[in-house]
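> Below: one structure in structure tokens.
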Amino acid sequence: MTASDILLRVENLSKHFPTKTGSVKAVDGVTFDIKRGTIVGLVGESGSGKTTAGRCTLRLIEPSGGRLIFDGKDLLSLSEREMRSYRRRMQIVFQDPYSSLNPRMRVEDIIGEAIDTHNLARGAAKRERIAELLTRVGLDPEHGRRYPHEFSGGQRQRIGIARALAVEPEFIVADEPVSALDVSVQAQVLNLIQDLQQSYGLTMLFIAHDLSVVEYLCDEVVVMYLGRVMERGPSRSVYAMPRHPYTQALLSAAPVPNPKAHRQRVILQGDIPSPMNPPSGCVFRTRCPYAIDACAEVVPPLDPIAPDHHVACIRRDDPVVLSQGKRL
Amino acid sequence: MSELPADIVLRVDRLRTHFELGSRVAKSVDDVSFDVRRGETVAVVGESGSGKSVTSLSIMRLLAPPGRIVEGEILYRTSDGRILDIATLSQKDMRRIRGREIAMIFQEPMTSLNPLYTVGDQIIEMIRLHEPLSKLEARKRARQMLELVEIPAAERRLDEYPHQMSGGMRQRAMIALALSCNPKLLIADEPTTALDVTIQAQILDLLRRLQAEIGMSILFITHNLGVVADIAHDVVVMYAGRVVEQTSSERLFEHQKHPYSRGLLACIPDASRDRGPSGERLRLNPIPGNVPSVMALPKGCSFAPRCPLRIARCEEDPPLLVAEPHHLSRCWRHDDL
């Protein structure tokens, strides 16, 4: 694989929030690549840092350290002014289609604002572009005159997607774009996302907590816990044989709509620790069923175990951990 | 007084709960019937606007006006063997049922925990409201309740305020509060929806274990079919205020007899089905359109406008038909499924 196959390289990314009593390491040394035209899923529970990491990749939150190589250029070396031309190439779709659209703006103005910001079209050409975008996301172009409250949740999410597409981006961060929607409507929006991804050749970072959606939609998956990457790799390999005890626990905990699926469930004890005071060594060790004394001593490196598949666990080759991965 | 078979704790019979807004009526719960047996879990599953939460609030008689039970019975067997119709009970009598006989837990624990009192004080108050125990005895019992729901360092946690606990811990504290008077029936309204999957697995495991130990019945309200498969014995599928399918959990997942239930299962992404042989993504099978508002229901079958099996007859409202023994479906074409 050559470097040009990679649209975004996230390298040792970190975001530390200072507080009165110390700093919160929301994202701590996160590294992964996103190849052009692929969808990478970023999964983890609340407090894992997945949303912060996603926003950092767009510099919507300014990272504390690391590098973001987008199309060969380190975004963190750019001034705010130089960043503008890159902003057009990267967009975000938010989780909540209720709070992410200005209720006092007409839909055509919400989409038009993005076009104006980057001076992409004016007058009739702009109106045509808005109508085309609305049609493309499955809405009636006539509805551009309406306000967000006149639409259902699924339709609003389509508006959010149209707004992101308005500037013809190459890269989209989708932050839980279907989790606020009814189940029967989620599949409509997921179909739309992949249609658009294919027809525009989009590259995406898909942030989610729903593991079955990620398995279906994403080419690769990055599993985060307490600000760090525990495991990453092609979705097929990670789901077929999760190698990190946290990935194993996460996959075994996700309920599946089949009462006969009696899986070997790993029930984790306790809660995710506070990021103010993370455990030493491996951050997962306090909840890990396989933790040993050595886990407290060193931060396990994210080692390759197969092409593109990396695991941060010192016991990853231990038979007890391996066999749990096989049982899932 | 009405009759109730011995193993049934709760019978909801032709319940109708309406919200009258001026001249318009929202039939949020429209002719819903089901039984909850002793020691078993019934799941009521549906999307937004299905009426699943209004059903549970009707049973607890916690409806806010203009919500009103307009028809039907809610028969409940008390611990001392009497059978009451909750639908017509006075609020005074209802207070003796709530908490002691039927308890409820919610999606958001802060709806039942008071932020101004310690967790211990709230459980102690609940215990002493229903039982003549001294403060010290009640505190001991409260500590046992926290231990029952596997809250570590229970003695110390009694003196903590809800905000000092994590989301999963608060959910446990709420369950401890709900179970502190040994209710026979627990109504759980989306109790794990706001939780992470690893915490959800803990809570479902806990509820299953408590049910086996205490023998309580659970009415579990959820939108998540994965959770239904995990915890329920019987399932009631609701759509736009009505029951569209009703059977055992095992049978529902094996063979859906209503196009809505079938569509719901078909649209949940499943990589083993929705990815091709070389891993390429196949298109998902969504249910077209949107969930209708109960204020503006279509004529005839409410699901017909979104239904792939729609025929002319669907303009006529289908009753709940027996598709096979112990399996009901509100669809004219259940035989074709």
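Top line first, the protein sequences correspond to chains Z and G. Reading the first sequence from the start, the letters are residues 86 to 413 in this note's numbering. Reading the second sequence from the start, the letters are residues 395 to 731 in this note's numbering. Positions of the beta carbon are idealized from the N, C-alpha and C atoms, including for glycine. The model shown is predicted, which means the values in this text are computed figures rather than measured ones.
#1: Look up MET175(Z) in the DSSP assignment and give the residues it is bridged to.
#2: Can ILE200(Z) and ALA209(Z) be called in contact, C-beta distance under 8 Å?
#3: Using a C-beta to C-beta distance shorter than 9 Å, which residues of chain G count as neighbours of ILE424(Z)?
#4: Closest to LEU659(G) by CA distance: which of GLN354(Z), GLY355(Z) and ASN343(Z) is it?
#5: On the DSSP letters alone, give me the boundaries of the alpha helix (DSSP H) that MET315(Z) sits inside.
#6: So, with DSSP's three-state summary, where would you put ARG401(Z)?
#7: Check GLN283(Z) in the structure and name its three-state DSSP category.
#8: How should VAL622(G) be labelled, buried or exposed, when 16 other C-beta atoms within 10 angstroms of its C-beta is the threshold for buried?
#9: Does ALA206(Z) come out as helix, strand or coil in the three-state DSSP assignment?
#10: Specify the secondary structure class of ASP267(Z) as computed by DSSP and reduced to three states.
#11: Excluding five sequence neighbours on each side, which residues of the same chain lie with their C-beta closer than 7 Å to the C-beta of ARG700(G)?
#12: Can you have a look at ARG551(G) and say buried or exposed, based on whether 16 or more other CB atoms are within 10 angstroms of its CB?
#13: Would a check of beta-carbon distances place GLY239(Z) closer than 8 Å to chain G?
#14: Could you tell me if LYS651(G) is buried or exposed, where buried requires 16 or more neighbouring beta carbons within 10 angstroms of its beta carbon?
#15: Are SER422(G) and PHE413(G) touching if we call contact CB-CB under 8 Å?
#16: Can you tell me which of ILE215(Z), ASP267(Z), GLY366(Z) and ASP113(Z) puts its alpha carbon nearest to the alpha carbon of ARG230(Z)?
#17: Return the chain-ordered list of same chain residues with a C-beta closer than 7 Å to the C-beta of SER185(Z), the five sequence neighbours on each side being excluded.
#18: Closer than 6 Å by C-beta to PRO363(Z): which residues in its own chain qualify, once you throw out the five before and the five after it? Chain order, please.
#19: Between the Cα of MET610(G) and the Cα atoms of ASP664(G), ARG471(G), ARG675(G) and GLY466(G), which residue gives the shortest distance?
#20: Would you mind stating whether MET309(Z) and HIS329(Z) have Cβ atoms separated by less than 8 Å?
#21: How long is the line joining the alpha carbons of CYS367(Z) and ALA381(Z), rounded to whole angstroms?
#22: Quick one: which chain G residues come within Cβ less than 9 Å of SER297(Z)?
#23: Pick out whichever of LEU161(Z), ILE292(Z), THR137(Z) and THR106(Z) has its Cα sitting closest to the Cα of ARG94(Z).
#24: Establish whether the CB of GLY635(G) and some CB of chain Z are separated by less than 8 Å.
#25: Could you check whether the Cβ of ILE119(Z) sits closer than 7 Å to any heavy atom belonging to the ligand HEM?
#26: What does the Cβ neighbour count give for MET520(G), buried or exposed, with the cut at 16 atoms within 10 Å?
#27: What does the alpha-carbon distance come out to for the pair VAL396(Z) and THR116(Z)?
#28: Quick one: measure Cβ to Cβ for ILE625(G) and ARG602(G), integer angstroms, because I've assumed they're closer than 8 Å.
#29: Quick one: what's got a C-beta closer than 8 Å to PRO653(G)'s C-beta in the same chain, skipping five residues either side?
#30: What is the rounded straight-line gap between the Cα of GLN565(G) and the Cα of PHE500(G)?
On the basis of the supplied data:
#1: PHE256(Z)
#2: At a Cβ-Cβ threshold of 8 Å, ILE200(Z) and ALA209(Z) do not count as neighbours.
#3: Any property of residue 424(Z) remains undetermined from this structure, which presents chain Z solely from 86 to 413.
#4: ASN343(Z)
#5: From DSSP, MET315(Z) is part of no alpha helix (DSSP H) but of the beta strand (DSSP E) over 313-319.
#6: coil
#7: helix
#8: buried
#9: For ALA206(Z), the three-state secondary structure derived from DSSP is coil.
#10: coil
#11: ILE681, PRO682 and GLY683
#12: buried
#13: yes
#14: buried
#15: Cβ distance < 8 Å, so SER422(G) and PHE413(G) count as in contact.
#16: Taking ARG230(Z) as reference, the option from ILE215(Z), ASP267(Z), GLY366(Z) and ASP113(Z) with the minimal CA-CA separation is ILE215(Z).
#17: PHE179 and GLY245
#18: LEU311
#19: ARG471(G)
#20: no
#21: 6 Å
#22: GLY620, ILE662, PRO663, ASP664 and ALA665
#23: LEU161(Z)
#24: no
#25: The ligand HEM is not part of the structure shown, which contains no ligands of any sort.
#26: buried
#27: 12 Å
#28: 7 Å
#29: PHE697, CYS701, PRO702, LEU703, CYS725, ARG727 and LEU731
#30: 9 Å
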